[in-house]
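If you count by this note's numbering, then the sequence shown holds residues 305 to 334, one letter each, in order.
We put the beta carbon where it would ideally sit given N, CA and C, even for glycine.
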Amino acid sequence: MIEILSGIGLAFILFVIIGISILLAVHQSK
């Protein structure tokens, strides 16, 4: 159970980092 939760946490963190990087790229491209 803990392993599943930690996996979801890592996936969520990676998703947030990718989302922020995309937002920064779009903001700089303008």
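- Linking I324 to I308 through their CA atoms gives a straight-line distance of about 24 angstroms.
- One Cα belongs to S310, the other to K334, and the distance between them is close to 37 angstroms.
- Counting only the Cα atoms, I312 lies some 27 angstroms from V330.
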